[in-house]
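Colleague: Got a structure for you, written out below as structure tokens; questions coming shortly.
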Amino acid sequence: MASRRRSCLGALLALAFVLLSCLAGPATAKQTNQVTVFWGRNKDEGTLREACDTGLYTTVIISFYSVFGHGRYWGDLSGHQLRAVGADIKHCQSKGILVLLSIGGGGHDYSLPSSQSAAEVADNLWNAHLGGRRSGVYRLFGDAAVDGIDFYIDNGAPDHYDELARRLDGYNRFYRGRKGVRLTASPRCGCPDWRVDRALQTGLFERIHVRFYGDDKCSYKNGGTWGIVEEWDKWTARYPKTEVYLGLAAAESGVPEGAQGTIAVYLKYLYYDLLPKVQKAPNYGGVMVWDRYSDKKTGYSGVVQGWA
């Protein structure tokens, strides 16, 4: 019953704001309709296949490959049945949805203490999750290969991530006419994020999903529109050749201090205030949503999809 109520709420919110959009006109002319979502952090979010079948997302990022750099390599998908993920990856890709694997996360079981460590992690990612096939390397998702790697580095030193990026990009020599290993990053909102800046300066990353959520001062929750726009302008100027995505959390209100209301109020401010400002950037790429579990409960992407 609770699930049905949440579904109805999401549908009503979507309808209300679609009608509002039609009456008010587009938030800005610079729209891409690109929506990225993180998946893998809660078993109650549903399967990867279900996420892709919603039609809401153009990219899904599996999170996280969270143990690496010290001779051990492993991922944590928070209770999901891993046996089915490989088939789901292929299903999503067949629908034209990009599937990435995010490395790092909130844990402390990863770092790159040396150049050799960066080389070994790149080798493991290539043979365990990308296009490589070396005997003796366990493939968590079977013969399915993700489309690229996302850097979500929240702990440890920044050392050698630039080398990891170069190693991963180097595998593109095995592909003809396309990029088989695409690189993205999901840094914290304060620009620059010192943990990944050296990697981003390589120029090998095609997208940056800036995380304007959480406890940082520049998050939408804490700083409202002002907290975002100042840092957004820094990100888009610092990496002008890279698409920059606005990363928001479906579970946070994002309502400026003193305002009252629910997620509907949040969406109102997003549509009228924030999106018109960030979409002025020539390298605006779209919206990134954290995460599928919260998004499924709130119906957030169902509303934002048409504005992204």
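Residues -29 to -1, 1 to 279 in mature numbering (1 follows the signal peptide of the UniProt record, and there is no 0) are what the sequence shown spells out, letter by letter.
All C-beta atoms, glycine included, are put in the ideal place defined by N, C-alpha and C.
Compare the C-beta of residue 170 against all C-beta atoms of chain D and say whether one is closer than 9 Å.
Modeller: The chain inventory of the structure shown lacks chain D, comprising one protein chain alone.
Colleague: CB-CB under 7 Å to residue 16, same chain, minus the five flanking residues each way: which ones, in chain order?
Modeller: Along the sequence shown, read from residue 1 onward, the residue named residue 16 stands at position 45. 10, 263, 264, 267, listed in sequence order.
Colleague: Cα-Cα, which of 174, 120, 180 is closest to residue 151?
Modeller: For the purposes of this step, residue 151 is identified with residue 180 of the sequence shown, where counting begins at 1. Of 174, 120, 180, the residue nearest in Cα terms is 120.
Colleague: Which runs of the beta strand (DSSP E) spanning at least 3 residues fall entirely within the region 138 to 212, listed in chain order?
Modeller: As far as the region 138 to 212 is concerned, its whole beta strand (DSSP E) runs of at least 3 residues are 153 to 156, 178 to 182.
Colleague: Inspect the CB distances between the region 215 to 225 and the region 139 to 146 and report whether three or more fall short of 8 Å.
Modeller: No contact exists between the region 215 to 225 and the region 139 to 146.
Colleague: Mind reading off the beta-carbon distance from residue 6 to residue 22? Whole number of angstroms is fine, and I expect it under 8 Å.
Modeller: To locate residue 6, count along the sequence shown from 1; it is residue 35. To locate residue 22, count along the sequence shown from 1; it is residue 51. In fact, because the Cβ distance is near 11 Å, the residues do not count as touching under 8 Å.
Colleague: Using C-beta distances below 6 Å, list every residue in its chain close to residue 116, excluding the 5 sequence neighbours before and after it, in chain order.
Modeller: Start at 1 with the first residue of the sequence shown, and residue 116 comes out as number 145. Excluding positions up to five away in sequence, the list reads 101, 102.
Colleague: Could you give the first and the last residue of the continuous alpha helix (DSSP H) run that contains residue 8?
Modeller: Numbered from its first residue, the sequence shown carries residue 8 at position 37. Run containing residue 8: none in the alpha helix (DSSP H); it sits in the beta strand (DSSP E), 6 to 10.
Colleague: How many whole angstroms separate the CB atoms of residue 178 and residue 155, which I take to be in contact at a CB cut-off of 8 Å?
Modeller: One-based indexing of the sequence shown puts residue 178 at position 207. One-based indexing of the sequence shown puts residue 155 at position 184. Rounded, the Cβ-Cβ distance is 4 Å, consistent with contact.
Colleague: For residue -2 and residue 278, I'd like the C-alpha separation in whole angstroms.
Modeller: Mapped onto the sequence shown, residue -2 falls at position 28. Mapped onto the sequence shown, residue 278 falls at position 307. Below a pLDDT of 50, predicted positions are generally treated as unreliable, and residue -2, at 48, falls in that range; no measurement from the model is reported.
Colleague: Taking the C-alpha atoms as reference points, what is the distance between residue 272 and residue 259?
Modeller: Counting from one through the sequence shown, the residue named residue 272 turns up at place 301. Counting from one through the sequence shown, the residue named residue 259 turns up at place 288. Approximately 10 Å, taken between the alpha carbons.
Colleague: On the CB-based measure, 16 or more other CB atoms within 10 Å of its CB, does residue 159 come out buried or exposed?
Modeller: By 1-based counting over the sequence shown, the position of residue 159 is 188. Flag for residue 159 reads buried.
Colleague: What does the alpha-carbon distance come out to for the pair residue 192 and residue 250?
Modeller: For this step, residue 192 is matched to residue 221 along the sequence shown. For this step, residue 250 is matched to residue 279 along the sequence shown. Taking the straight line joining both Cα atoms gives about 20 Å.
Colleague: Might you give, ordered along the chain, the residues of its own chain that have their beta carbon closer than 8 Å to the beta carbon of residue 212, omitting 5 neighbours on each side?
Modeller: Sequence index remark: in the sequence shown, residue 212 carries index 241 (1-based). Hits under 8 Å: 174, 254.
Colleague: Between which two residues does the beta strand (DSSP E) holding residue 83 run?
Modeller: Here residue 83 corresponds to residue number 112 of the sequence shown, with the count starting at 1. Neither: residue 83 is in no beta strand (DSSP E) and is coded neither H nor E.
Colleague: Roughly how many angstroms lie between the CA atoms of residue 105 and residue 181, to the nearest whole one?
Modeller: Residue numbering aside, residue 105 sits at position 134 when the sequence shown is read from its first letter. Residue numbering aside, residue 181 sits at position 210 when the sequence shown is read from its first letter. Between residue 105 and residue 181, the C-alpha separation is close to 34 Å.
Colleague: Starting from residue 220, follow its DSSP beta bridges and name the residues at the other end.
Modeller: Translated into positions along the sequence shown, residue 220 becomes position 249. Beta-bridge pairing links residue 220 to 261.
Colleague: In this structure, how does DSSP classify residue -2 when only helix, strand and coil are distinguished?
Modeller: Here residue -2 corresponds to residue number 28 of the sequence shown, with the count starting at 1. Here the model assigns residue -2 a pLDDT of 48, short of 50, so the residue's position is not dependable, and the following value carries that caveat. Residue -2 falls in the coil class under three-state DSSP.
Colleague: Buried or exposed for residue 240, please, with buried defined as at least 16 other CB atoms from any protein chain shown within 10 angstroms of its CB.
Modeller: Within the sequence shown, residue 240 is the residue found at index 269, counting from 1. Classification for residue 240: buried.
Colleague: For a test of your reading of the model: does the CB of residue 90 fall under 8 Å from any non-hydrogen atom of the ligand FMN? Yes or no.
Modeller: The model on display carries no ligand, and the ligand FMN is accordingly not part of it.
Colleague: Provide the residue(s) that pair with residue 214 in DSSP beta bridges, ordered along the chain.
Modeller: Locating residue 214 in the sequence shown gives position 243, where the first residue counts as 1. Residue 214 pairs with 178.
Colleague: For residue 55 versus residue 18, is the C-beta distance shorter than 9 Å?
Modeller: Reading the sequence shown from its first residue, position 84 is the one you call residue 55. Reading the sequence shown from its first residue, position 47 is the one you call residue 18. Yes, Cβ-Cβ distance for residue 55 and residue 18 is below 9 Å.
Colleague: Put residue 68 into one of helix, strand or coil per three-state DSSP.
Modeller: Taking the first residue of the sequence shown as 1, we reach residue 68 at position 97. DSSP places residue 68 in coil when its eight states are reduced to three.
Colleague: For residue 39, which option in 157, 107, 95 has the closest C-alpha, if you only look at C-alpha atoms?
Modeller: Start at 1 with the first residue of the sequence shown, and residue 39 comes out as number 68. Checked all of 157, 107, 95; the closest Cα to residue 39 is 95.
Colleague: Could you tell me the alpha carbon to alpha carbon distance between residue -7 and residue 257, rounded to whole angstroms?
Modeller: Locating residue -7 in the sequence shown gives position 23, where the first residue counts as 1. Locating residue 257 in the sequence shown gives position 286, where the first residue counts as 1. With a pLDDT of only 42 at residue -7, under 50, the local geometry of the prediction cannot be trusted, and the value read off the model is given with reservation. Taking the straight line from one Cα to the other gives about 23 Å.
Colleague: Leaving aside the five residues before and after residue 71 along the sequence, list all residues of the same chain whose C-beta is less than 8 Å from its C-beta, in chain order.
Modeller: Position 100 of the sequence shown, counted from the first residue, corresponds to residue 71. Correct list, in chain order: 30, 31, 32, 33, 117, 118, 119, 120, 121, 153, 155.
Colleague: Using 8 Å for Cβ pairs, my map puts residue 89 next to residue 131. What's the rounded Cβ distance?
Modeller: The count along the sequence shown starts at 1 and reaches residue 89 at position 118. The count along the sequence shown starts at 1 and reaches residue 131 at position 160. The Cβ separation is near 4 Å, so the contact holds.
Colleague: Buried or exposed: which applies to residue 99, given that a residue is buried once 16 or more other Cβ atoms fall within 10 Å of its Cβ?
Modeller: Taking the first residue of the sequence shown as position 1, residue 99 is located at position 128. The residue in question, residue 99, is buried, as its Cβ has 16 or more Cβ neighbours within 10 Å.
Colleague: In chain order, what residues of the same chain lie with their CB nearer than 8 Å to the CB of residue -5, ignoring the 5 residues before and after it?
Modeller: Walking along the sequence shown from the start, residue -5 turns up at place 25. Summary for residue -5: the model assigns pLDDT 49, below 50, so the residue's position carries little reliability; its value from the coordinates is reported in the next sentence. Excluding sequence neighbours, residue -5 sits near nothing in its chain.
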